[in-house]
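Please read the structure below before turning to the comments.
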Amino acid sequence: MADKPAKESKSGRLLDIRNLRIEATVYPPGEAPRNVTLVDDVSLTLERGKVLGLIGESGAGKSTIGLSSMGYGRGGVRITGGEVILNGRDILKGGRSGIRKIRGREVCYVAQSAAAAFNPAHQLMDQVVEAALLHGTARRAEAEKRAVTLFRKLGLPDPDNIGRRYPHQVSGGQLQRVMTAMALCSEPDLIVFDEPTTALDVTTQIDVLAAIRDAIRDTGVAALYITHDLAVVAQVADEIMVLRHGKLVEWGGTRQIIKEPRQQYTNALVSVHEIEHQEKKPTDHPFLSVKNVTASYGNGQVKVLKNVSVDIHPGQTLAVVGESGSGKSTLARAITGLLPPMEGSITFGGKELSNALSGRSKEDLRQLQMVYQMADVAMNPRQPVATIIGRPLEFYFGMRGKERDRRVAELLDKIEMGKGFADRYPAELSGGQKQRVCIARALAARPKLIICDEVTSALDPLVANGILKLLLGLQAEEDVAYLFITHDLATVKSIADSIAVMYRGEIVRYGPKSEVLAPPFDPYTDLLLSSVPEMEIGWLDKAIASRRMESAGN
Amino acid sequence: MSSPIVKLILQRLALGVLLLLAVSILIFVGTEILPGDVAQSILGQSATPQSLANLREQLGLDDPAYVRYFRWLGGLLTGDLGNALTSGLPIASAISGRLANTLFLAATAAVIAVPLAILLGLLAVRYRNGPIDKAISAFALASTSFPEFFIGYLLVYFFAVKWQIFPAISTVFDGMSFWERLQAVALPATALTLVVLAHMMRMTRAAILNVMQSAYIETAELKGLRPLEVIRKHAFPNAIAPVVNVVMLNLAYLIVGVVVVEVIFVYPGMGQYLVDHVTKRDVPVVQAVGLIFAAVYIILNIVADIAAIVANPRLRHPK
């Protein structure tokens, strides 16, 4: 085609974004609609075959910039200024049909959740070759052959037949690779990777990351790699651009950004995970003992917990780590009585708790509180913060009126939010603030144990850090114990006193933090530990080379 | 076909049979507790007590209710719907012709209305919130809001009286060719189409709009597909289940609920037949027609259920 310059030239400028400005109209409840600027005067250039990492917290405009290279504005977002020059022409001036010719042909997209990004109604192969057929870059047989080659290169099992499967028949990690194959299938010049490994378990992430990196290297495609995880992007990117609130903070070579950050904000991102936490020794009298608990779904058909025993000591934190599907959250459900165990017992303060929720007294219920991963769906959106926090006060202690308000103010103070927040609705809070309100609600019941189920997983690293510090502070003040469920080992190091490692419903390693995290390791713990990305160039190769077992996601 | 899907379908069929049985009991009990006496209404006010008693015995009305129910059910299962009280003729033969007429009219209306509604739904999504969407919605809602008889007389006025394109009275008889029949039902079919169109169109629009929020729609857009292709290829297949459900409900209405239209166009269908015999207190006819209508509803809903099961790739292709 005439409008597509020779792509044989492997060098030269591929993408040149100049003074990009992106706006959206927001409709806040009870106020007049107003325009907000999502991306403000950002410029970047990308050479052919190079990888540029875009990094920042949520709301930094990373995805918005990435999608602008395809002329796409998600959900009413408008590109209102600047130029996006791809292969030597401004795609924003090409009109709708001009942009459609570029999408799926010159630029392809790999989404965060491949599981959601594949159409459940069609076979994978039909979706993988769709763009190539649409743009006429290959005939069907040719495109399918290319797809199978890509499946093989990306390390998918049974590459010849996996295309005949439907999305629900393939695991999340595999789908992410199929999506990468889909992007590569039409042989584009540029691929936008939008947090492609964020939704995966650490042990799966490492394989997918390696597969993506090798595919980029071998095909010579250029990439915009969007993530909030510096350690991940350091493994694939040639250059890194740090963004915040839609503005450029710093742009430089990968080594420079992670080793010698010039901006304070970059520095904060680089050194985010370091919380010192002195381990407390287990006491002789755990207040909660889970003994040989076995639990299952579907009347014993699917056993999700097998003979699990753990102890929780007053004022201490037990961290439960493992991949998704390992039974972490089920353990929490068994302890709270939401999923009554089939076998085994749970002892609380010396007396045995009823396995079923209906057999527990209000006092038993009060002692065990929960905080969830998704703070925004764990709160009634039509209740103000004071009502949300005040509810357990009324329910458990019968507090009313001034007394209740005073206690709510106290709790808001404890979670480092002022009294002004009492009348706000959840929609008016940021992600971190919502999680703080959920913590305050749990704390309001004055429980002995708070079960924290992935409470920091949906938050940006800096915000998550603040939540962890808050939890540690509250533990010191209130002497509350935590059962901390997470897949993130860095978090575990920061907060745990003892650790239980779970794998396929069983506890494979359990003990005080210092012992669990000290060698010699069992194979699974070793895999888990070695899969956590480190902020070091070349870490990925070292980690892959030294692994002793395959992850469960494969 | 894999086993879970076969099992689900068999379950639905068994449930349908059970439901039909339950409905037969309900219909029987319902007509049983209706006020009025059949023998009385046949013989009129001047009947003597003796002739009433004779007729009751002749019709088996003196037997206990459960005996009569099982006699009726047994007859149904052997294809014998009983005799009409008023004419004494077998109901089955009287109904069969009318049922065929009703099904013909319903099918004609459905063949126009269903594809049209889905197409309009797709277009409404493609141009959502724009003038085309609004125009489609306005037309569909207006046509539903007018009462059937109003639309019917409007069609008669223009197409039969003023322009004389189609007959005002839909007379059908044996020996008519297919084309002649089609011409005869043109106006009632159009009236029915206008009545059911909006419901199906709005539901199609809503179901597809719901799917349009999905991440895979974005994937399709980012492949460079045209908007209508995105909707047809990626959104519609995932909206089939709710659309089929509402289509089946409307098909059932086309068969069961067309009394008014039949009366307007003097079309010899089931609805008219039922209404006639309700006024005459002809209980066996009412029972038979009621059961047929119930069966239509149940069968169409089973079809919708099965279509939804088959349309779901998770059930069609288990892990």
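Protein chains in written order, with our numbering: chain A, 1339 to 1892; chain B, 3 to 321. Where a beta carbon is used, it is the ideal one built from N, C-alpha and C, also for glycine.
For A217/B, the nearest beta carbon of chain A is closer than 8 Å to its own beta carbon. In chain order, M1680 place their CB closer than 8 Å to the CB of G1638/A, counting only its own chain and leaving out the 5 sequence neighbours on each side. Looking at the DSSP output, C1776/A bridges to nothing. Contact check between the stretch 212 to 227 of chain B and the stretch 1453 to 1465 of chain A: three or more CB pairs, one atom from each, fall below 8 Å, which counts as touching. Here A1778/A has I1727, L1749, I1753 as same chain residues with Cβ atoms under 6 Å from its own Cβ, once five neighbours each way along the sequence are excluded.
Every alpha helix (DSSP H) stretch that sits fully inside the stretch 1793 to 1819 of chain A and reaches 4 residues is listed by chain position as 1799 to 1816.
Close partners of Y1447/A in chain B (Cβ separation under 9 Å): E220, T221, L224, K225.
For the stretch 1471 to 1505 of chain A, the set of positions with a beta-carbon nearer than 7 Å to some beta-carbon of chain B reads L1472, H1473, Y1504 in chain order. For the stretch 240 to 262 of chain B, the set of residues with a beta-carbon nearer than 7 Å to any beta-carbon of chain A comprises N240, in chain order. Counting other Cβ atoms within 10 Å of its Cβ, L196/B reaches 16 or more and is therefore classed as buried. Chain order gives no chain A residues near K9/B, where near means a beta carbon separation below 9 Å; the closest approach is about 16 Å.
Within the stretch 115 to 145 of chain B, no residue has its Cβ closer than 7 Å to any Cβ of chain A. Taking C-beta separations shorter than 7 Å and ignoring five residues to either side along the sequence, the partners of F1859/A in its chain run L1867, following chain order. By alpha-carbon distance to Y155/B, the top candidate from S26/B, G32/B, I294/B, V268/B is V268/B. Between R100/B and the set D176/B, T281/B, W165/B, the nearest pair of CA atoms involves D176/B. L1462/A is positioned such that its CB atom lies no closer than 8 Å to that of R1490/A. Judged by DSSP secondary structure, V1374/A falls within the beta strand (DSSP E) whose first and last residues are 1372 to 1385. Going by DSSP, L1703/A is part of the alpha helix (DSSP H) stretching over 1700 to 1705.
Between I167/B and S179/B, the alpha-carbon positions lie close to 18 Å from each other. Sorting S1662/A, A1747/A, M1712/A by C-alpha distance to the C-alpha of S1509/A places S1662/A at the top. Three or more beta-carbon pairs separated by less than 8 Å link the stretch 1473 to 1489 of chain A to the stretch 1504 to 1524 of chain A, which places the two stretches in contact.
Under the 8 Å criterion on CB atoms, K321/B is classed as interfacial with respect to chain A. No Cβ of chain B is located within less than 8 Å of the beta carbon of M1712/A. Listed by position along chain B, the residues whose Cβ is nearer than 9 Å to that of K1439/A are G226. Chain-order list of chain B residues neighbouring G1442/A: L224, K225, G226, by C-beta distance under 7 Å. The stretch 259 to 268 of chain B and the stretch 112 to 122 of chain B do not touch, with fewer than three beta-carbon pairs separated by less than 8 Å.
Assigned with DSSP and collapsed to three states, E1754/A falls in coil, not helix or strand.
In this structure, V25/B places its C-beta atom within 8 Å of the C-beta atom of A296/B. Burial check for N252/B: the Cβ neighbour count within 10 Å reaches 16 or more, so the residue is buried. Within chain A, not a single residue places a beta-carbon under 8 Å from that of R234/B; the smallest gap is close to 12 Å.
Residue environment: E1598/A is assigned as exposed (fewer than 16 neighbouring CB atoms within 10 Å of its CB, all protein chains considered). For G1442/A, the closest C-alpha among the options G1409/A, G1413/A, L1352/A is that of G1409/A.
Taking C-alpha positions only, A1657/A is separated from L1494/A by approximately 33 Å.
In the structure shown, S1667/A adopts helical secondary structure according to DSSP, grouped into three states. Looking at P1678/A, I1529/A, G1843/A, the one whose alpha-carbon comes closest to that of I1440/A is I1529/A. Interface flag for P6/B against chain A is unset, since no Cβ pair is found closer than 8 Å.
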